[in-house]
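S.K.: Quick one: the structure is below, and I'll ask about it shortly.
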Amino acid sequence: MTLEFRGKDSYTGSDTAVAPIIGGPFTLVNSENQIVNEQDFLGNWVLLYFGYTSSPDIGPDQVRIMAKVIDTLAKKNLKVLPVFVTIDPQRDTPAQLRAYLKEFDPRIVGLGGPVSAVRQMAQEYRVYFKKVEEEGDDYLVESSHSMYLIDPKMKVVRCFGVEYNAEQLSKEILKELKKHQVNA
1 MTLEFRGKDS
11 YTGSDTAVAP
21 IIGGPFTLVN
31 SENQIVNEQD
41 FLGNWVLLYF
51 GYTSSPDIGP
61 DQVRIMAKVI
71 DTLAKKNLKV
81 LPVFVTIDPQ
91 RDTPAQLRAY
101 LKEFDPRIVG
111 LGGPVSAVRQ
121 MAQEYRVYFK
131 KVEEEGDDYL
141 VESSHSMYLI
151 DPKMKVVRCF
161 GVEYNAEQLS
171 KEILKELKKH
181 QVNA
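Pasting the structure below:
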């Protein structure tokens with residue numbers, strides 16, 4: 001079916017839905033203080049999460065889930081690279097990211113950098129975040145909490161919300177890998 005509107009404002013379109021483009025180029029700094037970009041992840045399946053190290057609740061739960069998922073996949077000889085991007089680069093230095101992520105799983109790659117670069121990447125991935133002032137100089141960061149499964153060409157294959165526990169998320173990722181003919 002094609003829609004056509006004629007007159008002052010004309011439009012020709014179709015009823016075919018087009019998926020929004022999520023993701024894009026980025027340049028950040030890893031927890032070893034090295035500059036990295038999306039090209040450094042080509043050839044790898046990636047599980048990407050945006051969070052911050054001083055998150056009081058959902059963030060640590062999501063990182064724990066990510067670590068468990070990576071373990072589950074590794075037991076099946078499947079490698080998915082876990083990547084954590086801070087949405088609080090003012091507090092989350094490379095050293096802070098390294099120490100925080102090591103507590104969960106040393107395989108998790110931590111990324112941060114200038115606020116403008118983090119904000120740009122978050123926009124590319126449709127991630128919402130906003131500082132919420134607390135007493136004194138303290139603050140929290142309100143954010144969307146999604147994980148992204150990204151294929152070896154750096155294309156987002158699937159987005160997962162916080163409703164998935166580690167077992168459910170592992171199963172869903174395994175389905176996606178199977179769909180893309182990734183074998184254990």
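So the sequence shown is numbered by full-length UniProt numbering: it starts at 1 and just counts up by one.
In this text, a Cβ means the ideal position worked out from N, Cα and C, and glycines have one as well.
Please read all numbers here as calculations on a predicted model, not as lab measurements.
So what does residue 149 bridge to, in DSSP terms?
M.R.: Here residue 149 is taken as the residue at index 149 of the sequence shown, counted from 1. Beta-bridge pairing links residue 149 to 47 and 158.
S.K.: Helix, strand or coil for residue 177, going by three-state DSSP, please let me know.
M.R.: Taking the sequence shown and counting its residues from 1, the one referred to as residue 177 is at position 177. Correct three-state label for residue 177: helix.
S.K.: Under a Cβ-count criterion, where at least 16 other Cβ atoms within 10 Å of its own Cβ denotes burial, should residue 70 be classed as buried or exposed?
M.R.: Numbered from its first residue, the sequence shown carries residue 70 at position 70. Result: buried.
S.K.: Going by Cα to Cα distance, which pick from 56, 47, 91 and 85 is closest to residue 68?
M.R.: Translated into the one-based positions of the sequence shown, residue 68 becomes position 68. With distances taken between Cα atoms, residue 68 lies closest to 47.
S.K.: Which residues in the same chain as residue 31 place their Cβ atom closer than 6 angstroms to its Cβ, once the five residues preceding and following it in sequence are excluded?
M.R.: One-based indexing of the sequence shown puts residue 31 at position 31. If we look at residue 31 and ignore the five residues flanking it on each side, its Cβ neighbours are 94, 97, 98 and 110.
S.K.: To the nearest whole angstrom, what separates the beta carbons of residue 118 and residue 85, a pair I think is in contact under 8 angstroms?
M.R.: Start at 1 with the first residue of the sequence shown, and residue 118 comes out as number 118. Start at 1 with the first residue of the sequence shown, and residue 85 comes out as number 85. About 7 angstroms separates the two Cβ atoms, so the contact holds.
S.K.: If residue 124 and residue 41 are in contact, beta carbons under 8 angstroms, what's the gap, nearest whole angstrom?
M.R.: Here residue 124 refers to the residue found at position 124 of the sequence shown. Here residue 41 refers to the residue found at position 41 of the sequence shown. Contact doesn't hold; Cβ gap of about 14 angstroms is too wide.
S.K.: Helix or strand or just coil, what does DSSP make of residue 26?
M.R.: Here the question's residue 26 lines up with position 26 in the sequence shown. Residue state, collapsed to three classes: coil.
S.K.: Going by alpha carbons, who is nearest to residue 87 out of 126, 74 and 73?
M.R.: Against the sequence shown, residue 87 aligns to sequence position 87. Checking every option, the nearest Cα to that of residue 87 belongs to 126.
S.K.: If distances are taken between C-alpha atoms only, which option among 180, 168 and 152 comes closest to residue 39?
M.R.: As a first step, residue 39 is located in the sequence shown; it is residue number 39 there, counting from the start. If we check each option's Cα against that of residue 39, 152 comes out closest.
S.K.: With 16 other CB atoms within 10 Å as the buried threshold, where does residue 162 fall?
M.R.: Indexing the sequence shown from 1 puts residue 162 at position 162. Residue 162 should be labelled exposed.
S.K.: Roughly how many angstroms separate the alpha carbons of residue 237 and residue 89, rounded to a whole number?
M.R.: What the structure shows of the chain is the stretch from 1 to 184, and residue 237 is not part of that stretch, so it cannot be assessed.
S.K.: Just reading off the beta strand (DSSP E) that residue 83 is part of, what are its end residues?
M.R.: Position 83 of the sequence shown, counted from the start, is the residue given in the question as residue 83. 80-86 is the span of the beta strand (DSSP E), which, as asked, contains residue 83.
S.K.: Can you tell me whether DSSP reads residue 127 as helix, strand or coil?
M.R.: The sequence position of residue 127 within the sequence shown is 127, counting from 1. Note: residue 127 maps to coil in three-state DSSP.
S.K.: Which two residues bound the contiguous beta strand (DSSP E) that contains residue 112?
M.R.: The residue labelled residue 112 in the question sits at position 112 within the sequence shown. Start and end: 109-112.
S.K.: Output yes or no for whether 8 angstroms exceeds the beta carbon distance between residue 159 and residue 146.
M.R.: The sequence position of residue 159 within the sequence shown is 159, counting from 1. The sequence position of residue 146 within the sequence shown is 146, counting from 1. It is a contact, given that the beta carbons lie within the stated cut-off.
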